[in-house]
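Q:
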Ligand code: GTR
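In the numbering used here, the protein residues as written are 39 to 344.
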């Protein structure tokens, strides 16, 4: 009797073991193994060991990695039609974001990503991102002047920081802790689980709860690996992806609360956003650029009206 060959799928993940994304990917791996009778195995490479995110996005495009969990900020650099999802102050919270992504708009953005070579299997929670600084109490739009702020490789993030009067510094995720320690950067921005799990909270003690971006992450498969799947297996992958996203979103809520408490215990000072007006006003030139395109404008308006 012929023995079915196992196909090993190389999977990129930037997070450490135990992180909600990693746990959801493990769940996904189990679902793929059982759903395909072990004909496919998901081989997880965590902690970004295969390279930083912008590099991994390109590797996937070339079919050198099969699966990955990416933030939409670096991913949309390879699929510009999806950049609108990374605009600041677009989604108010996770509930607002999922209403859109689990509906027609999510379908539209999946197609945009598909055309760029990335097949979305699940929308994960990217959390609400906040600014945090080592020696500066940033509490509003006027406090950013002159500060060096680490951002991801993302056009919208770079533009946003410039509009705040600060200097954006593009730096790989894994170098941010050292950057904060050496003073190469004054601040960074991320969600609370990342702030905690990376140890940024041990250096950057001042958190400005800006929630400036609520941006999705996505579990994606390379078009090359997807095209090699039969129809029945595609359904297994889509179903496993959707269920892993549900799992991730649940884990995320708990982890965000735990991170907030851990940071508080370690001496983090949280500053609430007292007035959104001044900071959102500064973003006008960024929005105007996106508003020029009628399709993008319509997408933005339907998100904001929800
Ligand atoms: C995290 C995100 C990563 C990466 C990182 C960063 O919140 O989960 O995919 O984008 O932020 O800031 O580089």
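Cβ atoms here follow ideal geometry from the backbone N, Cα and C, with glycine treated the same way. No experiment lies behind these values; they were computed from the predicted model shown.
Taking the alpha carbon of residue 305 as the point to measure from, which residue in 288, 241, 331 and 328 has its own alpha carbon closest?
A: 241
Q: Just to confirm my understanding: we take residue 248, look at its own chain, exclude 5 residues before and 5 after, and list those with CB closer than 6 Å. What are they?
A: 168, 169 and 311
Q: Any chance the CB of residue 211 is under 6 Å from a heavy atom of the ligand GTR?
A: yes
Q: Between which two residues does the beta strand (DSSP E) harbouring residue 205 extend?
A: Start and end: 205-208.
Q: Check whether the Cβ of residue 336 sits closer than 6 Å to any heavy atom of the ligand GTR, and report yes or no.
A: no
Q: Looking at the unbroken beta strand (DSSP E) that takes in residue 189, where does it start and where does it end?
A: 186-189
Q: Within 10 Å of its beta-carbon, does residue 188 have 16 or more other beta-carbons around it, so buried, or fewer, so exposed?
A: buried
Q: Should residue 303 go down as buried or exposed, given a rule of 16 or more other Cβ atoms within 10 Å for buried?
A: exposed
Q: How many angstroms separate the CA atom of residue 54 from the CA atom of residue 191?
A: Residue 54 and residue 191: Cα-Cα distance of roughly 21 Å.
Q: Of the choices 149, 176 and 106, whose alpha-carbon is the least far from that of residue 66?
A: 106
Q: From the DSSP output, in three-state form, read off residue 342 for me.
A: helix
Q: Answer yes or no: the CB of residue 103 versus the heavy atoms of the ligand GTR, is any distance below 6 Å?
A: no
Q: Could you tell me the boundaries of the alpha helix (DSSP H) in which residue 176 lies?
A: From DSSP, residue 176 is part of no alpha helix (DSSP H); its letter is neither H nor E.
Q: State the Cα-Cα distance for the pair residue 29 and residue 338, rounded to the nearest angstrom.
A: There is simply no residue 29 to check, as the chain begins at 39 and stops at 344 in what is shown.
Q: Which residues share a DSSP beta bridge with residue 307?
A: 244
Q: My understanding is that residue 115 touches residue 95, with C-beta atoms under 8 Å, so please give their C-beta distance in whole angstroms.
A: Between the beta-carbon of residue 115 and that of residue 95 there is about 7 Å, and that keeps the pair under the 8 Å contact cut.
Q: Using a Cβ-based criterion (distance less than 6 Å to any ligand heavy atom), does residue 109 qualify as near the ligand GTR?
A: yes
Q: In chain order, what residues of the same chain lie with their CB nearer than 6 Å to the CB of residue 245, ignoring the 5 residues before and after it?
A: Here the set comprises 168, 170, 306 and 308.
Q: Can you tell me whether residue 232 sits near the ligand GTR, meaning its C-beta is under 6 Å from at least one heavy atom of the ligand?
A: yes
Q: With burial defined as no fewer than 16 other Cβ atoms inside 10 Å of the residue's Cβ, what is the status of residue 329: buried or exposed?
A: exposed
Q: Please report the residue range of the alpha helix (DSSP H) in which residue 88 lies.
A: Run containing residue 88: none; DSSP gives neither H nor E here.
Q: For the ligand GTR, any of its heavy atoms closer than 6 Å to the Cβ of residue 190?
A: yes
Q: If you draw a straight line from the C-alpha of residue 32 to the C-alpha of residue 44, how long is it?
A: The structure shown has nothing for residue 32, since the chain only spans 39 to 344.
Q: Out of 48, 223, 293 and 270, which one is the CA nearest neighbour of residue 235?
A: 293
Q: Would you list the one or two residues that DSSP bridges to residue 227?
A: 169
Q: Can residue 283 and residue 160 be called in contact, C-beta distance under 7 Å?
A: yes
Q: Closest to residue 314 by CA distance: which of 47, 180, 185 and 222 is it?
A: 180
Q: What does a CB cutoff of less than 8 Å around residue 193 pick up in its chain, not counting 5 residues either side in sequence?
A: 115 and 121
Q: Can you check whether the CB of residue 92 is closer than 7 Å to the CB of residue 112?
A: yes
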